[in-house]
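Quick note, the sequences are listed as chains A, B, C and D, same order. Numbering-wise (the UniProt record's numbering), the first sequence opens with residue 1 and increments by one. Numbering-wise (the UniProt record's numbering), the second sequence opens with residue 1 and increments by one. Numbering-wise (the UniProt record's numbering), the third sequence opens with residue 1 and increments by one. Numbering-wise (the UniProt record's numbering), the fourth sequence opens with residue 1 and increments by one.
Number of protein chains: 4
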Amino acid sequence: MPKIVDHEQYRKELLDKCFDLFAEKGYGSITMRQIAEGLRVSTGTLYHYFPSKQALFEQLAQEICEQDLSTALAELQGAQTLQESMEALGRYLVKNEDYFIKWTYIWIDFCQHKDSKEMLKNSIFKRNNQRYQKVIGDLFGIQDSVLASFVLSFVDGLILEKLWGNETIDFIEQCALLGKMLTVYLPQYPAEIKAQTHVLSSLES
Amino acid sequence: MPKIVDHEQYRKELLDKCFDLFAEKGYGSITMRQIAEGLRVSTGTLYHYFPSKQALFEQLAQEICEQDLSTALAELQGAQTLQESMEALGRYLVKNEDYFIKWTYIWIDFCQHKDSKEMLKNSIFKRNNQRYQKVIGDLFGIQDSVLASFVLSFVDGLILEKLWGNETIDFIEQCALLGKMLTVYLPQYPAEIKAQTHVLSSLES
Amino acid sequence: MPKIVDHEQYRKELLDKCFDLFAEKGYGSITMRQIAEGLRVSTGTLYHYFPSKQALFEQLAQEICEQDLSTALAELQGAQTLQESMEALGRYLVKNEDYFIKWTYIWIDFCQHKDSKEMLKNSIFKRNNQRYQKVIGDLFGIQDSVLASFVLSFVDGLILEKLWGNETIDFIEQCALLGKMLTVYLPQYPAEIKAQTHVLSSLES
Amino acid sequence: MPKIVDHEQYRKELLDKCFDLFAEKGYGSITMRQIAEGLRVSTGTLYHYFPSKQALFEQLAQEICEQDLSTALAELQGAQTLQESMEALGRYLVKNEDYFIKWTYIWIDFCQHKDSKEMLKNSIFKRNNQRYQKVIGDLFGIQDSVLASFVLSFVDGLILEKLWGNETIDFIEQCALLGKMLTVYLPQYPAEIKAQTHVLSSLES
DNA sequence: AATGAATGAGCGTTCATTCAT
DNA sequence: TATGAATGAACGCTCATTCAT
Numbered sequence: 001m002p003k004i005v006d007h008e009q010y011r012k013e014l015l016d017k018c019f020d021l022f023a024e025k026g027y028g029s030i031t032m033r034q035i036a037e038g039l040r041v042s043t044g045t046l047y048h049y050f051p052s053k054q055a056l057f058e059q060l061a062q063e064i065c066e067q068d069l070s071t072a073l074a075e076l077q078g079a080q081t082l083q084e085s086m087e088a089l090g091r092y093l094v095k096n097e098d099y100f101i102k103w104t105y106i107w108i109d110f111c112q113h114k115d116s117k118e119m120l121k122n123s124i125f126k127r128n129n130q131r132y133q134k135v136i137g138d139l140f141g142i143q144d145s146v147l148a149s150f151v152l153s154f155v156d157g158l159i160l161e162k163l164w165g166n167e168t169i170d171f172i173e174q175c176a177l178l179g180k181m182l183t184v185y186l187p188q189y190p191a192e193i194k195a196q197t198h199v200l201s202s203l204e205s
Numbered sequence: 001m002p003k004i005v006d007h008e009q010y011r012k013e014l015l016d017k018c019f020d021l022f023a024e025k026g027y028g029s030i031t032m033r034q035i036a037e038g039l040r041v042s043t044g045t046l047y048h049y050f051p052s053k054q055a056l057f058e059q060l061a062q063e064i065c066e067q068d069l070s071t072a073l074a075e076l077q078g079a080q081t082l083q084e085s086m087e088a089l090g091r092y093l094v095k096n097e098d099y100f101i102k103w104t105y106i107w108i109d110f111c112q113h114k115d116s117k118e119m120l121k122n123s124i125f126k127r128n129n130q131r132y133q134k135v136i137g138d139l140f141g142i143q144d145s146v147l148a149s150f151v152l153s154f155v156d157g158l159i160l161e162k163l164w165g166n167e168t169i170d171f172i173e174q175c176a177l178l179g180k181m182l183t184v185y186l187p188q189y190p191a192e193i194k195a196q197t198h199v200l201s202s203l204e205s
Numbered sequence: 001m002p003k004i005v006d007h008e009q010y011r012k013e014l015l016d017k018c019f020d021l022f023a024e025k026g027y028g029s030i031t032m033r034q035i036a037e038g039l040r041v042s043t044g045t046l047y048h049y050f051p052s053k054q055a056l057f058e059q060l061a062q063e064i065c066e067q068d069l070s071t072a073l074a075e076l077q078g079a080q081t082l083q084e085s086m087e088a089l090g091r092y093l094v095k096n097e098d099y100f101i102k103w104t105y106i107w108i109d110f111c112q113h114k115d116s117k118e119m120l121k122n123s124i125f126k127r128n129n130q131r132y133q134k135v136i137g138d139l140f141g142i143q144d145s146v147l148a149s150f151v152l153s154f155v156d157g158l159i160l161e162k163l164w165g166n167e168t169i170d171f172i173e174q175c176a177l178l179g180k181m182l183t184v185y186l187p188q189y190p191a192e193i194k195a196q197t198h199v200l201s202s203l204e205s
Numbered sequence: 001m002p003k004i005v006d007h008e009q010y011r012k013e014l015l016d017k018c019f020d021l022f023a024e025k026g027y028g029s030i031t032m033r034q035i036a037e038g039l040r041v042s043t044g045t046l047y048h049y050f051p052s053k054q055a056l057f058e059q060l061a062q063e064i065c066e067q068d069l070s071t072a073l074a075e076l077q078g079a080q081t082l083q084e085s086m087e088a089l090g091r092y093l094v095k096n097e098d099y100f101i102k103w104t105y106i107w108i109d110f111c112q113h114k115d116s117k118e119m120l121k122n123s124i125f126k127r128n129n130q131r132y133q134k135v136i137g138d139l140f141g142i143q144d145s146v147l148a149s150f151v152l153s154f155v156d157g158l159i160l161e162k163l164w165g166n167e168t169i170d171f172i173e174q175c176a177l178l179g180k181m182l183t184v185y186l187p188q189y190p191a192e193i194k195a196q197t198h199v200l201s202s203l204e205s
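Now the structure itself:
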């Protein structure tokens, strides 16, 4: 293997560490010096691995998309009923609240970069969203895309409210409520969720 | 006698025009020069009316909170059933989609600015959120705060998805679905909504 | 009398009030707005009476020069011995400490304006200094110009030390010391000072 | 490896070159761009070495205090009598007239900057003045603090008069006069000055 | 590969000055 | 005469980026 492997690997390591940095200060506010300091390298080194701040950010955004959501969502499997699924979702959101808020910050930052937006919207971005919808469908046994969008939007909104400092929102309570409403709304809903067997492998596509 | 200008009124006019400017580029990215250009005044004039960029932004945030909530939501009154209410909400979201997306950008930008965040979270910010929740309660006859948060989060999420370029989301469809789910979930829900008479006046509090 | 008299008079009133303003902040640091506020007029009015900040400052410098020092120095007359004269000088300096420090600030500010410096150095400036030297000669019966310069420099230095925050300097003590030294140094000094009769009128020249 | 530059040394080189720049225009009037130009570096580089204009100025003030006092006054040693000492002082003042005038400008500028005044008056400023007084005492064998202040003020005043363009002042003549006056005033004064052996080392304290 | 010194355009902001009223 | 709104060049300072080492 040529040296390029090490280079690439190191680049990815740096990229990973950038997540928190961008999330905490925002694209516009964080400086390359601060990023370099956070990564424990010099600005020169940073520019050795990334041609520009914009490129670094876009690679980070890419990386987030590429990162397999499967490992994270794996926790949600195993529930026997929809209600249990939703309660697991609530616990999962609580546990990863910080991560989701940061993730949200970064995406929104990204969306304000119009040029890159158009560049990526059609590829990674949309694909990512579709994945989420699919995961929801598989995970919760919701095949109707409108219903999947409903759940997705609701979860987005929960995180957004938290991001806005709304401390009255309780993820567990809200997800439980969603579970109850869905259960009532979907009388045809099977007692046991059988469809989720291949959730993770379905993400590969 | 000086040039005849109603200082306060002109200030508000400028403020209104700032909304789009901030929304399009974000607080951190737009410059005072760009704002001045967008407003067709010099930077000096801009600073004549607003002591700093931060102050300008905060006044804008205030203004949005003060004004739009009541006037905008006024349109949602008049529905006879919850289902109708939700369908009106859907149409309202569609109609003001751009506005809400911009509004969302502005708030999120604001949140990444930590200093102002701490300064305002306790005042305008929280108060605004409480208002929204109250409006939802009054408007849709939902008194349960958990349920109100549910609806609020759902609406937030719809907008966020749109902001993220998710074009598969249909506000009307989604709101209709919410209506159906709520109707099923709340069998005790009265056929006619009577509670909403004083929605707007309740905003005064 | 034409209106110009009022104009001129008002101009001088404004000028007088500028003394403290310039002295406290310095030419470079004070703004025309601050001056206008201190004068209780608008900037427009300020510019109606003075064509520019520089001109205002130069007129002030002129004014200070023109102001008859006689009234102030009059207090120093009446001493019967050199020692008494010097003690009176000490008390006088203590009493007007603030004024002299401000006066010194303004002059030094003025000296840093090279253009105006050259313009005025030869006229008002030098004449002013000669006057001081003359006053010292007449007042203290010191005819030797070197000795007069000595006393002048010493007094300048006392004020400068105070301006620099040296709180250990005691004007009265220092002037008394000067008196003693001069008395010892000038054994031929007459017991009574007779030469000072026309001190004030000599300033007219 | 970075560009090979001794950061500290280069910083001091820049600092030295700043002396004239500040002296000629004054703290308030000179701009960082002008300083950068005078130093033949970019503003960015200037800020790479000094965090702010104020800090640059304070470091300069420090530097002056630390360095010049001892090295400069070293020249004054070696006189056998008070009269000789004073004549050496006169020659020294003539030789360094420009330097002292600039030095005076710098300090006065500094004093009109209130914030820094309060910050430093207690530290560098006062300490510096005390040192000067001590040097005078040691150098001229003057132990009485009132007398030391007298000499200090007189020297300050000489420089101030020169700064004000008074060309009739002759440092040598004036210092010789001071010498004579002191000699007459201090009959107890020893024919040979013995106390000054350790003047310079006394500055260490 | 790695460093950090160097750059300069551009930021938020100020302020002497002008001018419509 | 008097006002204060308006201007824009210039301020102190920042920061993405380049480059000599």
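Virtual Cβ for every residue (Gly too), placed ideally from N, Cα, C. This one's a predicted model, so the numbers in the text were calculated from it and none came from an experiment.
{"Check": "Keeping to the same chain, check which residues put their C-beta closer than 7 Å to that of histidine 113 of chain D; ignore five residues upstream and five downstream.", "Outcome": "Tyr27"}
{"Check": "Any beta carbon of chain A sitting closer than 7 Å to that of phenylalanine 140 of chain B?", "Outcome": "no"}
{"Check": "Please say whether valine 146 of chain C and glutamate 63 of chain D have beta carbons closer to each other than 7 Å?", "Outcome": "no"}
{"Check": "Hey, quick one: how far does the alpha helix (DSSP H) through phenylalanine 140 of chain B stretch, first residue to last?", "Outcome": "126 to 140"}
{"Check": "What does asparagine 129 of chain D reach in chain C if we use C-beta pairs closer than 9 Å?", "Outcome": "Glu161, Trp164, Gly165, Asn166 and Thr168"}
{"Check": "Using only CA atoms, which one of A:Ile101, A:Ala148, A:Ala74 and A:Phe100 lies nearest to alanine 88 of chain A?", "Outcome": "A:Ala74"}
{"Check": "How long is the line joining the alpha carbons of serine 131 of chain B and cysteine 65 of chain B, rounded to whole angstroms?", "Outcome": "Position check: residue 131 of chain B holds arginine in this sequence, whereas serine was assumed. Their Cα atoms are separated by approximately 9 Å."}
{"Check": "Under 7 Å between C-beta atoms, does glutamate 63 of chain D make it to chain C?", "Outcome": "no"}
{"Check": "Using only alpha-carbon positions, find the residue among A:Ile136, A:Glu161, A:Leu186 and A:Tyr185 that is nearest to serine 85 of chain A.", "Outcome": "A:Ile136"}
{"Check": "Ordered along the chain, which non-local residues of its own chain (more than five positions away) have a Cβ less than 8 Å from that of arginine 33 of chain C?", "Outcome": "Thr43"}
{"Check": "Compare the C-alpha of asparagine 129 of chain D against each of C:Ala23, C:Lys17, C:Leu160 and C:Phe19 and name the closest.", "Outcome": "C:Leu160"}
{"Check": "Step through the CB atoms of chain C and report whether any lies within less than 7 Å of the CB of serine 42 of chain D.", "Outcome": "no"}
{"Check": "Taking 7 Å as the CB-CB cut-off, is serine 29 of chain A touching chain B?", "Outcome": "yes"}
{"Check": "Mind reading off the beta-carbon distance from phenylalanine 57 of chain A to phenylalanine 22 of chain A? Whole number of angstroms is fine, and I expect it under 8 Å.", "Outcome": "7 Å"}
{"Check": "Using Cβ-Cβ distances below 8 Å, what residues of the stretch 173 to 189 of chain B are close to chain A?", "Outcome": "Glu173, Gln174, Leu177, Leu178, Lys180, Met181, Leu182, Val184 and Tyr185"}
{"Check": "Identify each residue in the stretch 77 to 104 of chain C for which the Cβ-Cβ distance to at least one residue of chain D is less than 7 Å, and report them in chain order.", "Outcome": "none"}
{"Check": "Confirm, please, whether the CB-CB distance from phenylalanine 154 of chain B to serine 153 of chain A is below 7 Å.", "Outcome": "yes"}
{"Check": "Going by CA-CA distance only, name the one from D:Asp170, D:Ile30 and D:Arg40 that's closest to lysine 95 of chain D.", "Outcome": "D:Asp170"}
{"Check": "Compare the C-beta of isoleucine 108 of chain C with all C-beta atoms of chain D and state if any pair is closer than 7 Å.", "Outcome": "yes"}
{"Check": "For alanine 79 of chain D, count neighbouring Cβ atoms within 10 angstroms of its own Cβ and tell me buried if that reaches 16, exposed if not.", "Outcome": "buried"}
{"Check": "So for valine 41 of chain A, helix, strand or coil by DSSP?", "Outcome": "coil"}
{"Check": "Distance cutoff 7 Å, beta carbons only. Does valine 146 of chain C sit that close to anything in chain D?", "Outcome": "yes"}
{"Check": "Just checking: is the beta-carbon of leucine 158 of chain A within a distance shorter than 7 Å of some beta-carbon in chain B?", "Outcome": "yes"}
{"Check": "Would you mind telling me which residues of chain C sit closer than 9 Å to glutamine 143 of chain D, beta carbon to beta carbon, in chain order?", "Outcome": "Result: empty, since nearest Cβ-Cβ is about 14 Å, beyond 9 Å."}
{"Check": "Which term fits aspartate 109 of chain D, buried or exposed, when burial requires 16 or more other beta carbons within 10 angstroms of its beta carbon?", "Outcome": "buried"}
{"Check": "Using a Cβ cut-off of 7 Å (strictly closer), state whether glutamine 34 of chain D contacts chain C.", "Outcome": "no"}
{"Check": "To the nearest angstrom, how far is the alpha carbon of isoleucine 35 of chain C from that of lysine 102 of chain A?", "Outcome": "50 Å"}
{"Check": "Going straight from the alpha carbon of alanine 55 of chain C to that of tyrosine 47 of chain C, what length do you get?", "Outcome": "10 Å"}
{"Check": "What would DSSP say about glutamine 80 of chain B, mapped onto helix, strand or coil?", "Outcome": "coil"}
{"Check": "For a contact meaning CB atoms closer than 7 Å, what does cysteine 18 of chain C contact in chain D?", "Outcome": "Neighbours of cysteine 18 of chain C on chain D: none; closest Cβ ~16 Å, over 7 Å."}
{"Check": "Should glutamine 83 of chain B and threonine 183 of chain B be called a contact, given that it needs their Cβ atoms to be closer than 7 Å?", "Outcome": "yes"}
{"Check": "State yes or no: is the beta carbon of serine 70 of chain B nearer than 7 Å to at least one beta carbon in chain A?", "Outcome": "no"}
{"Check": "Rounding to the nearest angstrom, what Cα-Cα distance links valine 151 of chain D and glutamine 143 of chain D in this structure?", "Outcome": "12 Å"}
{"Check": "What residue from A:Trp107, A:Glu24 and A:Thr31 has the CA that sits closest to glycine 165 of chain B's CA?", "Outcome": "A:Trp107"}
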